[in-house]
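Under numbering that gives the first Met the number 0, residues 0 to 751 are what the sequence shown spells out, in order.
Let me begin by presenting the structure, written as structure tokens, before commenting on it.
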Amino acid sequence: MRAIKLPRRFKRLCVTVLMLALASVNTTYAQNANLTDVVFSTLSGGDVQINFLADAQLAEPGTFSTDRPARIAIDFFGMKSLLANPKTEVGMGKVDSIVAVQTPDRTRLIVNLLDTARYKLLPIDKGYSLTVYNTASDESQVTVPKPFATRPDIEASTSVTNIDFRRSEAGGGKLVIDLSNDNATIDTRERDGEIVIDLLNVNVPASLEQRLDVTDFATPVQTIDSFQNASNVRMVIVPTGKYQHLSFQAGTRFTLVVDPIIETDEEISDQENSELGFNGERLSINFQKIDVRSALAVIADFTGINFVTSDSVQGEITINLKDVPWDQALDVILRTKGLAKRQTGNVVWVAPSSEIQKVEEEELKALAIVEEFAPLSTEIIQINYAKAADIAAVVKSVKVVKQGNVSSSAGRGTASSSSLNVTETDKNSLLSARGSVTVDERTNSLLVQDVPEKIKQLRNVIAKLDKPVRQVLIETRIVEANDNFSRELGARLGFQRVTQNALFPGSNDSVIGDVISGGSLAGNTTLNDSVNAQAADPSSPLVFDRTGGLAVDLGANSIGGTSPASYAFDIFRTGRGFAHLISLELSALEADGRGRVVASPRLITSNQKEAVISQGQSIYITVPGSGTGEEGGGVEEILVELRLTVTPQITPDDRVIMDVNITQDNVISLSAAVNVVGTKEIRTQILADNGETVVIGGIYQQDENDGENKVPILGDIPFLGNLFKQRSTRSNRTELLIFLTPKIITPKLNLG
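Printed below as a string of structure tokens:
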């Protein structure tokens with residue numbers, strides 16, 4: 000096909016139409032909103048909350064962050080800035096300042112940070128709220144996907160459609176994440192040498208929930224783990240070596256670039272010198288027997304710093320240094336000649352060490368004399384959150400520590416050692432010798448009397464100590480499930496017989512008298528007495544003893560105090576001359592029980608404060624023995640309770656360490672006079688995320704028992720043997736699970 004060449008004017012016309020179309024797209028962002036104010040405040044834990052206030056409701060802004068320099072950029076399209084000063088100094092937590100930059104189509108708010116930080120951006124009434132967390136990194140113990148017994152069903156409007164990894168132009172790794180829409184909020188941060196990406200309220204398909212091993216790409220990235228973490232998607236990138244990363248989002252595509260940092264020899268040398276404390280500009284000097292004053296003058300000319308040299312500085316020095324920081328060269332010269340320096344602003348005073356030490360001692364003595372005779376001032380310091388007595392105890396517990404170096408050295412060629420001689424005194428270092436602190440419990444205040452300088456220092460210390468204590472809500476759920484099954488089957492068989500004129504086998508009309516047979520001697524005796532009574536009085540009835548005449552007494556036992564069902568009947572019975580009685584009773588009982596006991600104690604306590612909650616009752620048991628007194632038995636009281644004891648500790652990354660002790664007692668009644676108390680207890684220490692539910696313990700018990708009692712030989716007869724045996728079946732299962740959920744209660748500060 001032949002290409003058609005378009006005229007140049009037609010090309011210009013197309014470009015113009017395209018630019019107009021793009022301009023019309025930009026106008027869709029236009030809003031009748033103006034930035035009116037920027038308000039900030041510090042929260043508990045050193046977090047900083049910044050509210051950007053406008054005169055109308057704002058649409059969702061675009062955001063991105065950088066690590067070098069550490070910044071957070073927020074773009075409000077179509078909004079104009081009415082701030083009198085475009086720069087707002089903050090100086091709280093990790094936030095240094097805020098700069099508002101106005102462009103034709105947007106207002107960009109740049110939050111300058113002292114270090115990389117996690118942040119959260121939320122809409123408020125006519126504005127947006129930015130929370131910058133003070134924690135250095137997220138300490139979540141996640142390096143591999145979390146296992147789930149059953150993958151939860153996550154309902155989210157945004158989902159991950161594709162995850163791809165490529166090699167960047169600079170030899171680094173490029174992670175590309177495609178989303179179903181551009182409404183996702185993405186948080187990127189570093190933790191323990193790993194890069195963690197959280198996609199909030201996003202779902203990931205099971206096919207993409209996996210680990211990618213990208214070592215063969217020869218980039219700083221080794222592995223990438225992707226998994227569903229509650230309602231979010233978490234991706235953990237494990238790099239190696241020195242690297243720098245940059246993340247940005249364009250529409251539905253999020254990109255993370257991890258490039259290696261290639262250091263030159265000069266940069267490595269600068270890093271080594273920086274670790275030694277030398278950061279000056281490099282120079283090279285070569286002097287042969289030059290006067291020390293002249294050497295110092297050369298360094299002064301090189302740096303532009305004013306040097307004042309004492310008259311006692313004398314001597315010559317030979318020095319040859321190549322490409323070293325100037326402050327290291329100055330340190331070498333001073334150490335070689337036994338000199339020291341003191342710098343004030345742009346002026347450096349150089350003198351022998353003994354001379355500088357003497358001057359400083361005289362200055363300290365003068366300050367001590369001024370402090371000793373300075374007029375005292377009295378001020379009241381209000382304590383807001385802590386107890387004034389506790390703050391006073393901390394202030395009084397700080398002692399002055401006198402330090403002195405005790406050194407020892409041996410002869411030439413042997414090692415020398417030095418140690419620190421520390422002596423604690425009774426003098427308080429936060430107050431002067433004439434200072435005092437008095438506690439007023441009624442107003443929870445401190446009455447401080449001291450020199451003004453000491454009171455000012457004490458106020459600064461108390462302001463850092465008097466902070467609100469964070470609280471934790473501990474929710475516990477104790478679930479105990481029981482599944483019991485029992486079955487009892489049995490039979491009772493009685494046989495009694497009276498035979499008159501019994502014959503021996505093979506005999507001919509031999510009369511030996513009456514034969515009485517039955518299940519027991521007691522039954523035979525009763526029947527024999529009845530036969531004798533009938534012989535004396537023919538009208539007297541023949542009496543069979545059904546209880547004493549039992550030959551097989553293997554009836555079913557009761558279960559839990561419930562008697563078994565039974566059915567009894569006489570199989571054969573006759574009267575005078577030849578009397579027979581066969582009685583049979585069949586009994587059976589089956590019990591099937593299921594139950595669940597749920598206990599849910601909960602309590603609120605302050606950080607690092609032990610809390611106890613309990614519920615129970617007192618029972619009285621009889622102590623075996625006879626008589627009274629300690630040795631003769633009696634009644635003892637036992638407390639049966641459900642008790643929760645917990646001591647939480649909030650970590651800097653808003654997780655909770657808990658020392659937990661849970662005790663649950665149960666009363667097992669065996670009889671009216673005997674009670675047995677069963678106790679289940681767990682004592683452990685756990686680390687959990689804020690709001691995370693963890694199973695801290697579980698007990699599973701299964702008791703199965705099959706029993707059989709029978710008459711030998713007769714009990715083994717098929718079918719008929721069931722009349723001569725008793726069978727029982729028991730199956731008991733008990734499962735105990737203990738769940739714990741810590742929730743940090745953080746008061747929200749509304750600055751709008």
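Virtual Cβ for every residue (Gly too), placed ideally from N, Cα, C.
Quick caveat, the model's predicted, so the values are computed rather than measured.
Cβ pair count under 8 Å reaching 3, the stretch 366 to 376 against the stretch 318 to 335: The stretch 366 to 376, when compared against the stretch 318 to 335, does not touch it at the 8 Å Cβ threshold.
Cutoff 9 Å: SER309 Cβ touching any chain C Cβ: No chain C is part of this structure, which consists of one protein chain only.
Inter-residue Cα distance where the pair is GLU609 and GLY677: As a position in the sequence shown, residue 609 is number 610, starting the count at 1. As a position in the sequence shown, residue 677 is number 678, starting the count at 1. Rounded to whole angstroms, GLU609 and GLY677 show a C-alpha spacing of 26 Å.
First through last residue of the beta strand (DSSP E) which encompasses VAL131: Here residue 131 refers to the residue found at position 132 when the sequence shown is read from its first residue. Unbroken beta strand (DSSP E) run through VAL131: 126 to 131.
Whole-number beta carbon distance between GLU635 and ILE620, since they are thought to touch under 8 Å: Taking the sequence shown and counting its residues from 1, one reaches residue 620 at position 621. Taking the sequence shown and counting its residues from 1, one reaches residue 635 at position 636. Distance from ILE620 to GLU635 at the Cβ level is roughly 6 Å; contact confirmed, criterion being Cβ atoms closer than 8 Å.
Residue span of the beta strand (DSSP E) that contains THR561, given as start and end: Position 562 of the sequence shown holds residue 561. Where THR561 is concerned, there is no enclosing beta strand (DSSP E), given that its DSSP letter is neither H nor E.
Spatially closest choice to ILE304 from VAL291, LEU320, VAL349, by CA coordinates: Here the question's residue 304 lines up with position 305 in the sequence shown. Closest option to ILE304, Cα to Cα, is VAL349.
Limits of the alpha helix (DSSP H) - the one that GLU301 falls within: Taking the sequence shown and counting its residues from 1, the one referred to as residue 301 is at position 302. Note on identity: in this sequence residue 301 is Phe, with Glu being the wrong assignment. For PHE301, the enclosing alpha helix (DSSP H) covers residues 291 to 302.
Where THR254 sits in the DSSP three-state scheme: For this step, residue 254 is matched to residue 255 along the sequence shown. In the structure shown, THR254 adopts extended strand secondary structure according to DSSP, grouped into three states.
Buried or exposed (CB count within 10 angstroms, at least 16 for buried), LEU719: Within the sequence shown, the letter at position 720 stands for residue 719. Counting the other CB atoms within 10 Å of its CB gives LEU719 a total below 16, which places it among the exposed residues.
Exposure label - LEU638; buried when at least 16 CB within 10 Å: Here residue 638 corresponds to residue number 639 of the sequence shown, with the count starting at 1. Counting Cβ neighbours within 10 Å, LEU638 comes out exposed, since fewer than 16 surround it.
SER613: CB within 8 Å of a non-hydrogen atom of the ligand HEM: Of the ligands one can find in the structure shown there are none, so the ligand HEM has no counterpart to examine.
Cβ neighbours of SER80 in the same chain (closer than 6 Å, five flanking residues each side left out): In the sequence shown, counting from the first residue as 1, residue 80 sits at position 81. Around SER80, the same chain offers LEU34, ALA99, GLN101, THR106 as residues with beta carbons nearer than 6 Å, after the five sequence neighbours per side are excluded.
Counted within 10 angstroms of its Cβ, other Cβ atoms place PHE723 as buried (16 or more) or exposed: In the sequence shown, the residue the question calls residue 723 occupies position 724. Buried, since its Cβ has 16 or more Cβ neighbours within 10 Å.
Alpha carbon of GLY61 to alpha carbon of VAL307, nearest angstrom: Position 62 of the sequence shown, counted from the first residue, corresponds to residue 61. Position 308 of the sequence shown, counted from the first residue, corresponds to residue 307. Separation of GLY61 and VAL307 (C-alpha to C-alpha, rounded to the nearest whole angstrom) is 55 Å.
Cα-Cα separation, ASN133 to VAL478: To locate residue 133, count along the sequence shown from 1; it is residue 134. To locate residue 478, count along the sequence shown from 1; it is residue 479. For ASN133 and VAL478, the distance between alpha carbons rounds to 38 Å.
Contact belief for LEU120 with LEU129 at Cβ below 8 Å, rounded distance in angstroms: Working through the sequence shown from its first residue, we reach residue 120 at position 121. Working through the sequence shown from its first residue, we reach residue 129 at position 130. Right, their Cβ atoms sit about 5 Å apart.
Distance between beta carbons of ILE618 and VAL666, contact taken as under 8 Å: What you label residue 666 is simply residue 667 of the sequence shown in a count that begins at 1. What you label residue 618 is simply residue 619 of the sequence shown in a count that begins at 1. Between VAL666 and ILE618, the beta carbon gap of about 6 Å places them in contact (Cβ cut-off 8 Å).
Buried versus exposed, by CB contacts within 10 Å (16 or more), ARG491: For this step, residue 491 is matched to residue 492 along the sequence shown. The residue is buried, with at least 16 neighbouring Cβ atoms inside 10 Å.
Counted within 10 angstroms of its Cβ, other Cβ atoms place LEU363 as buried (16 or more) or exposed: For this step, residue 363 is matched to residue 364 along the sequence shown. Looking at its Cβ environment, which holds fewer than 16 other Cβ atoms inside 10 Å, LEU363 is exposed.
Sequence-distant residues of its chain with Cβ nearer than 6 Å to ILE73 (five each side left out): The count along the sequence shown starts at 1 and reaches residue 73 at position 74. Counting only Cβ-Cβ distances below 6 Å, and skipping sequence neighbours, we find PRO60, THR62, LEU108.
Complete runs of the alpha helix (DSSP H) confined to the stretch 64 to 129 [at least 4 residues]: The qualifying runs do not exist here; there are none.
Alpha-carbon to alpha-carbon, LYS357 and PHE286: Counting from one through the sequence shown, the residue named residue 286 turns up at place 287. Counting from one through the sequence shown, the residue named residue 357 turns up at place 358. Just so you know, the alpha carbons of PHE286 and LYS357 end up roughly 32 Å apart.
Residue of PHE164, SER225, SER158, ASP191 minimising C-alpha distance to ALA183: The count along the sequence shown starts at 1 and reaches residue 183 at position 184. The shortest Cα separation from ALA183 among PHE164, SER225, SER158, ASP191 belongs to SER158.
Close-in-space but distant-in-sequence residues of the same chain around GLN616 (CB under 7 Å, 5 per side omitted): Residue mapping note: residue 616 aligns to position 617 of the sequence shown, counting from 1. These residues qualify, in order along the chain: VAL639.
Helix, strand or coil at ILE620 [DSSP, three-state]: Mapped onto the sequence shown, residue 620 falls at position 621. Looking at ILE620 - three-state DSSP - the assignment turns out to be strand.
ARG658 versus ILE743 - alpha carbon distance: Walking along the sequence shown from the start, residue 658 turns up at place 659. Walking along the sequence shown from the start, residue 743 turns up at place 744. At residue 658 the sequence reads Asp, which differs from the Arg that was named. Spanning the two alpha carbons is a distance of roughly 16 Å.
DSSP-derived helix/strand/coil call for PRO647: Taking the sequence shown and counting its residues from 1, the one referred to as residue 647 is at position 648. Correct three-state label for PRO647: strand.
Cutoff 6 Å; reference GLN753; Cβ partners in own chain excluding five residues on either side: Limits of the chain in this structure are 0 at one end and 751 at the other, which puts residue 753 out of reach.
Pick from PRO537, ILE716, PHE484 that is closest to ASP705, judged by C-alpha positions: Residue 705 sits at position 706 when you count from the first residue of the sequence shown. Among PRO537, ILE716, PHE484, the Cα nearest to that of ASP705 is on PHE484.
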